[in-house]
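580 is the number that the numbering used here gives the last residue of the sequence shown; the numbers go up by one with no jumps.
Reading through the structure tokens given below for one structure.
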Amino acid sequence: MTTDLQNDPNAIKTVVRDYYGQRIQQAGASCCGGGAELTEVQLYGAEELTQLHEDVNTTSFGCGNPIALASLQPGEVVLDLGSGGGLDVLLAAKRVGAEGYVYGVDMTDEMLTVARRNAERAGASNVEFLKGDIETLPLPDNSVDVIISNCVINLSPDKGDVLREAFRVLRPGGRLAVSDIVVDGDLTDLPVSETQIRTALSWAGCIAGALTNAQYRTFLVTAGFERIDVDVRHRYMMEDLVSSAPDGLNHLDSEVVQQLLGRFTSSAITAWKPI
Ligand SMILES: C[S@@+](CC[C@H](N)C(=O)[O-])C[C@H]1O[C@@H](n2cnc3c(N)ncnc32)[C@H](O)[C@@H]1O
């Protein structure tokens, strides 16, 4: 079923919360959508993952590797927006070491339960999972060195608030290193309207709410960030779209679907808060 959620922020959050609350309780979770996209081993490398209990890998829904992007240093304070089952928080905790600290924020109770269990199994004492919305972060101003996030910002109904909040909690000179789904180019040159396309696709599967590259940059600049880079790492082809929006593609003409191939991307976004 396709529903036009785009003008109803509360409905979007309810759909997303329900979807991930259920997905985390199913075995073998992987990637933002249904699982045909990049696997955890492809994203992180087998060596990085062997540092953690194998269960942690199966509670991950990311679409990139923000840990590789963030170049974390010992002693840094890190915040993961939409921390899910906690994979990126636990990998970050190893990089920043005992002198550092890693917060994860997530709005879904079931995710927080699994993340805390994963942290306990990993014996991680420098991590904390907080319940909250990424549009109103439960952390003080200027308190974090690095913000990471993996396939979450596209799910928010208010990306402007998310990036403003990210800027607020970062210390001057702090950085953002995010993996997210981004539209390379735009969706305005197709035989049907952008609204029709986004309505047919899945918000919870991380594609219907994806910003264009230009919109991402505008929100980051408006929030105050500088040295912004948005770099395509993987283009969504047919099997990725089918996986992310199993029902939605049936509502679009096959010619339109062909024209969507390669436009939705997993991208790496980096930006800095001025000193
Ligand atoms: C696609 S999963 C990604 C989870 C994790 N980053 C990973 O890589 O496995 C999205 C996560 O973001 C959380 N989330 C989505 N929108 C949110 C919001 N507006 N505020 C807080 N958490 C949110 C969901 O509950 C879910 O755990």
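The beta-carbon is built from N, C-alpha and C at its ideal position, and this holds for glycine as well.
Return the Cβ separation of residue i and residue j in integer angstroms, given the expectation that the two are a contact with Cβ distance under 8 angstroms.
| i | j | result |
| --- | --- | --- |
| P579 | E531 | 6 angstroms |
| S507 | A515 | The pair is not a contact, with the Cβ atoms about 11 angstroms apart (cut-off 8 angstroms). |
| I329 | V467 | About 21 angstroms separates the two Cβ atoms, so there is no contact after all. |
| L384 | I458 | Rounded, the Cβ-Cβ distance is 13 angstroms, inconsistent with contact. |
| I439 | V401 | Not confirmed; about 21 angstroms, so no contact. |
| V483 | N518 | Actually they do not touch by this definition, with Cβ atoms about 13 angstroms apart. |
| N431 | T364 | About 20 angstroms; that fails the 8 angstroms criterion. |
| V449 | G479 | 6 angstroms |
| S498 | P371 | Their Cβ separation, rounded to whole angstroms, is 33 angstroms, which puts S498 and P371 out of contact at 8 angstroms. |
| R503 | Q311 | 6 angstroms |
| G369 | C456 | 7 angstroms |
| P443 | P314 | That pair is no contact at about 19 angstroms. |
| L374 | T575 | 6 angstroms |
| T413 | G326 | 5 angstroms |
| L354 | V346 | 7 angstroms |
| G553 | A505 | 4 angstroms |
| A397 | V382 | About 10 angstroms separates the two Cβ atoms, so there is no contact after all. |
| T570 | D446 | With a Cβ gap of about 33 angstroms, T570 and D446 do not count as contacting. |
Just verifying my parser: in three-state terms, what is the DSSP assignment at residue i?
| i | result |
| --- | --- |
| L435 | strand |
| M306 | Interpretation of M306 is limited by its pLDDT of 39, a score under 50 that renders its predicted location unreliable; the figure taken from the coordinates is listed afterwards. Coil, per DSSP. |
| I329 | coil |
| L358 | A quick correction: the sequence has His, not Leu, at residue 358. Here H358 sits in coil by DSSP. |
| D558 | coil |
| E531 | strand |
| R568 | coil |
| A573 | strand |
| A341 | Caution applies to A341, whose pLDDT of 49 falls short of 50 and renders its modelled position unreliable; the model cannot decide the point. |
| D298 | This structure gives no information on residue 298, because the portion of the chain shown stretches from 306 to 580. |
| N455 | strand |
| T504 | helix |
| T624 | The requested residue 624 is not part of the displayed model; the chain covers only 306 to 580. |
| D393 | helix |
| V364 | Rather than Val, the amino acid found at residue 364 in this sequence is Thr. If DSSP states are grouped into helix, strand and coil, T364 belongs with the strands. |
| L495 | coil |
| Y324 | helix |
| R466 | In the sequence as presented, Arg is not what sits at residue 466; that position holds Asp. In the structure shown, D466 sits in a helix (DSSP, three-state: H, G or I). |
| N315 | helix |
Would you mind reading off the limits of the alpha helix (DSSP H) that contains residue i?
| i | result |
| --- | --- |
| Y521 | 518-528 |
| D545 | 543-549 |
| V419 | 414-427 |
| L377 | Segment: none, L377 is in no alpha helix (DSSP H) and carries neither H nor E. |
Assuming residue i is part of the beta strand (DSSP E), what are its boundary residues?
| i | result |
| --- | --- |
| P477 | 475-488 |
| Y406 | 406-411 |
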